[in-house]
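Chemist:
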Amino acid sequence: MQRYFVKGNVSETSHSLEFSKDQVHQLKKVMRVRVGEQLEVVDDDSQLAIVEVMELEPFEVKVVELLEQKVELPVSVTIAVGLSKGDKLDWIVQKATELGVSEIILLSMTRNVVKWTGDKADKKIERLQKIAEEASEQSHRLKVPRVTSVMTLKELASYTSNYEQKLIAYEESAKVGESLQLIKSLQSLQENERVIFVFGPEGGIEEQEVELLEESGYLPCSLGPRILRAETAPLYALAAVSYQCELL
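Each residue of the sequence shown is one higher than the one before, counting from 0 in the working numbering.
(1) Roughly how many whole angstroms lie between the Cα atoms of Ile204 and Glu51?
(2) Can you find a C-beta in chain B that's less than 8 Å from the C-beta of Lys142?
(3) Please list, in chain order, all residues of the same chain as Gln93 whose beta carbon is under 6 Å from its beta carbon, the five residues on each side excluded.
(4) In this structure, how does DSSP classify Val60 when only helix, strand and coil are distinguished?
(5) Measuring alpha carbon to alpha carbon, tell me which of Ile124, Ala48, Gln180, Gly223 ends up nearest Leu141.
(6) With three or more beta-carbon pairs closer than 8 Å as the criterion, would you say the segment 75-85 touches the segment 186-205?
(7) Counting Cβ pairs closer than 8 Å, one from the segment 143-163 and one from the segment 95-112, do we hit at least three?
(8) Let me make sure I understand the geometry here. Which of Leu181, Ile167, Glu163 has the alpha-carbon closest to that of Glu190?
(9) Helix, strand or coil for Tyr3? Go by DSSP, reduced to three states.
(10) Measuring alpha carbon to alpha carbon, tell me which residue in Lys183, Leu227, Val40, Glu71 is nearest Leu65.
(11) With a CB to CB cut of under 7 Å and the five nearest residues on each side skipped, what residues in its chain are close to Leu211?
(12) Any idea what DSSP makes of Ile103, helix, strand or coil?
(13) Mind checking Lys28: buried by the 16 CB within 10 Å criterion, or exposed?
(14) Thinking Leu98 and Ala238 are a contact (beta carbons under 8 Å), I'd like their distance in whole angstroms, please.
(15) For the beta strand (DSSP E) that Ile195 lies in, which residues bound it at each end?
(16) Nearest-angstrom Cα distance between Val247 and Lys119?
(17) Express the C-alpha separation of Gly223 and Leu179 in angstroms, rounding to a whole number.
(18) Thinking Val194 and Val74 are a contact (beta carbons under 8 Å), I'd like their distance in whole angstroms, please.
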């Protein structure tokens, strides 16, 4: 059953549920939905419900059943990534959402190959947020990850000052065979705590950037003995969190 994130509250009247123009267009013109068909919706409070289509013009639904579902990671995972060229960020946002990320922070870093400014940045972030919403619907999540505006490392350090675990995926750690920090950090996580991973762009993270983050309590860690691409490393980290916190 198709899932949609809607505005409003499923515990109130059907008229309180608001579908976006794009959602209504997809339902009527693409999905060819008819009166009497049922959909899954998630409201502003992450409450899941089955609704039935009552009217097409204007589009209205009624709540049929409230559902309980446990699909979110038991901890909050943020990934902070340098700006990558092409559609790599699209891919990172989509796949990280499927793997349960809570927030995606875009970073201004020395080795970024691209620069975002002004209206261009706003449009790109809006696009990435839309990708996150669509991926959340496809993977039947209850929450849509937030994609932030571009931050500097100093802004990041301030923003994440209260996080329980703060890690930097640093290739130099992999080269020297360091493998314990990731394990120790993940094993210490408790339910509802927050962990953040920082990943560099294609060119990697500069040593000075690592030092700046270390001053704010970040710890370098290895993601295994192989050097991963900028778009692969975040997914490795999320899979590791899922294994530690959901499967073990």
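All C-beta atoms in this analysis are idealised placements derived from N, C-alpha and C, irrespective of residue type, glycine included.
Modeler: So, from the listed chains and residues:
(1) Going by C-alpha positions, Ile204 is about 50 Å away from Glu51.
(2) Included in the structure is just one protein chain, with no chain B present.
(3) For Gln93, where only same-chain residues beyond five positions count, the Cβ hits under 6 Å are Ile130, Ala134.
(4) Assigned with DSSP and collapsed to three states, Val60 falls in strand.
(5) Checking every option, the nearest Cα to that of Leu141 belongs to Ala48.
(6) Cβ pair count under 8 Å is three or more, so yes.
(7) In this structure the segment 143-163 touches the segment 95-112; the number of beta carbon pairs closer than 8 Å is three or more.
(8) Among Leu181, Ile167, Glu163, the Cα nearest to that of Glu190 belongs to Glu163.
(9) Annotated three-state conformation of Tyr3 is strand, per DSSP.
(10) Closest option to Leu65, Cα to Cα, is Val40.
(11) For Leu211, where only same-chain residues beyond five positions count, the Cβ hits under 7 Å are Leu152.
(12) DSSP places Ile103 within a strand segment (E or B) once states are collapsed to three.
(13) The residue in question, Lys28, is exposed, as its Cβ has fewer than 16 Cβ neighbours within 10 Å.
(14) By a beta-carbon distance limit of 8 Å, Leu98 contacts Ala238. Their separation comes to about 6 Å.
(15) Segment 193-198, the beta strand (DSSP E) holding Ile195.
(16) Reading off the sequence, residue 247 comes out as Leu, not Val. Put simply, the backbone Cα of Leu247 is about 43 Å away from that of Lys119.
(17) In a straight line, the C-alpha of Leu179 is about 10 Å away from that of Gly223.
(18) 6 Å between Cβ atoms; contact.
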